[in-house]
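>
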Amino acid sequence: MKLASFVVNGKAAYGVVDGEYVIDLISLSKSYGESLPHSVQEAIDSGEEFPVKAEELLRFARDKKAIAGHMYPLGEINWLPPIPVVKRNIMCVGKNYRDHAIEMGSEKDIPEHIMIFTKATTTVTGHEQKVPVHDDATSELDYEGELAVVIGKKGKGISPDEAMNHVFGYTIVNDLTARDLQKKHGQFFIGKSLDSTCPVGPYIVTKDEIDAPDRLTIKTSVNGEVRQSSSTDLMIFKIPDIISILSKGMTLETGDIIATGTPAGVGKGFNPPRFLKAGDLVEIEVEGIGILTNQLQ
Ligand code: MG
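Just so we're aligned, residue 119 is where the sequence shown starts under the numbering used here, counting upward by one.
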């Protein structure tokens with residue numbers, strides 16, 4: 119199931135993406151007197167009950183051919199981040215691909231222990247939303263295409279063996295980074311937290327649709343030119359390890375988003391570096407998930 123949040127006819131909604139359409143689950147459930155969660159966050163919080171109930175309702179409505187009034191072509195919606203208001207900072211793994219660690223410095227930059235930083239909640243924006251280039255704050259804005267994990271079950275002290283039971287699904291993140299600020303201020307927080315520098319989406323794909331999240335192709339292009347082309351099997355720390363290490367002493371909450379790191383090919387890795395400018399179109403494609411597109415302005 120692909121869960122999206124969006125605005126249509128001036129109203130915020132969420133629903134299931136089905137081919138070139140999205141089905142509004144709020145209006146569909148209302149018209150059948152069913153009670154479904156009112157947001158993607160609530161859907162995640164409601165646990166394993168939600169996908170079963172949602173599928174049931176969709177099947178019933180399809181049989182009755184009554185779904186049309188609740189369906190919108192994707193071109194008619196305004197995409198929101200799948201979880202429009204996140205409860206906590208986006209957690210990000212740094213230098214989780216060997217070749218990227220090397221392009222950021224040298225072999226010495228390959229981490230021995232997992233490296234984690236966060237992006238402020240105010241960085242989150244949706245698919246096809248314009249992202250400011252922030253030229254008053256940085257001259258080195260860079261892209262980072264990443265697979266992201268969405269936590270579906272709260273937990274602490276989660277073992278690697280149990281970790282996948284805590285995953286709700288997957289999405290794509292562009293961990294946009296102001297390289298000059300990242301370097302200047304030591305701690306990454308400012309350089310990673312300029313407003314709207316965390317496009318997320320287009321939607322969350324539930325985990326049942328992704329058999330092997332550690333074997334997905336990942337590709338980032340800028341204005342149609344491929345800059346990053348890799349596979350998630352090159353991650354140094356795999357998803358079960360990331361969840362296990364993060365949850366050791368820190369409770370992971372439902373709806374937490376963890377970006378798993380970016381492969382080689384970021385703008386800073388080129389000589390000379392190729393940072394983003396207004397008008398650039400960044401597209402990140404992860405196999406089995408989709409394409410996250412944002413234009414800089
Ligand atoms: Mg990153």
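We put the CB at the ideal spot given by N, CA and C, even for glycine.
#1: Closer than 8 angstroms is the cut-off here; do at least three beta carbon pairs connect the region 358-378 with the region 391-403?
#2: Would Asp-260 be called buried (16 or more neighbouring beta carbons within 10 Å of its own) or exposed?
#3: Taking C-alpha atoms, which residue in Ile-375, Val-158, Asp-136, Glu-401 lies nearest to Val-267?
#4: Closest to Val-384 by CA distance: which of Ala-296, Gly-151, Pro-320 is it?
#5: Between Val-323 and the ligand MG, is the CB less than 8 angstroms from at least one heavy atom?
#6: Rounded to the nearest angstrom, what separates Leu-418 and Gly-406 at their Cα positions?
#7: Near Gly-133, what residues of its chain come up, given a Cβ to Cβ distance below 7 angstroms and the 5 sequence neighbours on each side ignored?
#8: Kindly examine the ligand MG and report whether one of its heavy atoms sits closer than 8 angstroms to the Cβ of Thr-239.
#9: Taking the beta strand (DSSP E) that Arg-345 falls in, what are its first and last residues?
#10: Skipping 5 residues on each side, what residues in its chain have a beta carbon closer than 8 angstroms to that of Ala-131?
#11: Go ahead and label Asp-106 buried or exposed: buried means 16 or more other beta carbons lie within 10 angstroms of its beta carbon, across all protein chains shown.
#12: Buried or exposed, going by whether 16 or more other CB atoms sit within 10 Å of the CB of Glu-138?
#13: Count the other CB atoms, across all protein chains shown, that sit within 10 Å of the CB of Thr-369; report buried if there are 16 or more and exposed otherwise.
#14: Of all the options Thr-411, Ile-328, Asn-412, Ala-377, which has the alpha carbon lying nearest to the alpha carbon of Met-233?
#15: Could you pull the start and end residues of the beta strand (DSSP E) that Lys-237 belongs to?
#16: Write down every uninterrupted run of the beta strand (DSSP E) in the region 323-403 whose length is 3 residues or greater and which is fully enclosed by it, in chain order.
#17: Could you give the distance in angstroms between the alpha-carbon of Met-89 and the alpha-carbon of Pro-390?
#18: Rounded to whole angstroms, what is the Cα-Cα separation between Lys-226 and Val-340?
#19: Between the C-alpha atoms of Pro-278 and Ser-365, what's the straight-line distance to the nearest angstrom?
#20: Less than 9 angstroms separating the beta-carbons of Asn-196 and Glu-246?
#21: Leaving out five residues before and five after Thr-335 in sequence, what residues of the same chain have Cβ atoms less than 7 angstroms from its Cβ?
Here's the rundown:
#1: no
#2: Within the sequence shown, residue 260 is the residue found at index 142, counting from 1. The residue in question, Asp-260, is buried, as its Cβ has 16 or more Cβ neighbours within 10 Å.
#3: Taking the first residue of the sequence shown as 1, we reach residue 267 at position 149. The shortest Cα separation from Val-267 among Ile-375, Val-158, Asp-136, Glu-401 belongs to Ile-375.
#4: If you number the sequence shown from 1, residue 384 lands on position 266. Looking at the Cα atoms, Ala-296 is the closest of the given residues.
#5: As a position in the sequence shown, residue 323 is number 205, starting the count at 1. No, since every heavy atom of the ligand MG falls outside the 8 angstroms radius drawn around the Cβ of Val-323.
#6: The shown model of the chain, from 119 to 415, leaves out residue 418, and the question about it has no answer.
#7: What you label residue 133 is simply residue 15 of the sequence shown in a count that begins at 1. Correct list, in chain order: Ala-122, Val-140, Ile-141, Asp-142, Leu-143.
#8: Taking the sequence shown and counting its residues from 1, the one referred to as residue 239 is at position 121. No.
#9: Residue numbering aside, residue 345 sits at position 227 when the sequence shown is read from its first letter. Counting along the chain, the beta strand (DSSP E) containing Arg-345 begins and ends at 343-349.
#10: Counting from 1 along the sequence shown, the entry for residue 131 is found at position 13. Excluding sequence neighbours, Ala-131 sits near Ser-123, Phe-124, Val-125, Asp-142, Leu-143, Ile-144, Ser-145.
#11: The displayed coordinates of the chain run from 119 to 415. Any statement about residue 106 would go beyond what the structure contains.
#12: Locating residue 138 in the sequence shown gives position 20, where the first residue counts as 1. The residue is exposed, with fewer than 16 neighbouring Cβ atoms inside 10 Å.
#13: Within the sequence shown, the letter at position 251 stands for residue 369. Result: exposed.
#14: On the sequence shown, position 115 is the one that residue 233 refers to. Closest by alpha carbon: Ala-377.
#15: If you number the sequence shown from 1, residue 237 lands on position 119. Taken as a continuous stretch (DSSP letters only), the beta strand (DSSP E) holding Lys-237 covers 233-237.
#16: 335-340, 343-349, 375-377
#17: Limits of the chain in this structure are 119 at one end and 415 at the other, which puts residue 89 out of reach.
#18: Translated into the one-based positions of the sequence shown, residue 226 becomes position 108. Translated into the one-based positions of the sequence shown, residue 340 becomes position 222. Going by the C-alpha atoms only, they are around 29 angstroms apart.
#19: For the purposes of this step, residue 278 is identified with residue 160 of the sequence shown, where counting begins at 1. For the purposes of this step, residue 365 is identified with residue 247 of the sequence shown, where counting begins at 1. When rounded, the separation of the alpha-carbon atoms in Pro-278 and Ser-365 is 10 angstroms.
#20: In the sequence shown, counting from the first residue as 1, residue 196 sits at position 78. In the sequence shown, counting from the first residue as 1, residue 246 sits at position 128. For Asn-196 and Glu-246, yes; Cβs fall inside 9 angstroms.
#21: The sequence position of residue 335 within the sequence shown is 217, counting from 1. Excluding positions up to five away in sequence, the list reads Ser-349, Glu-405.
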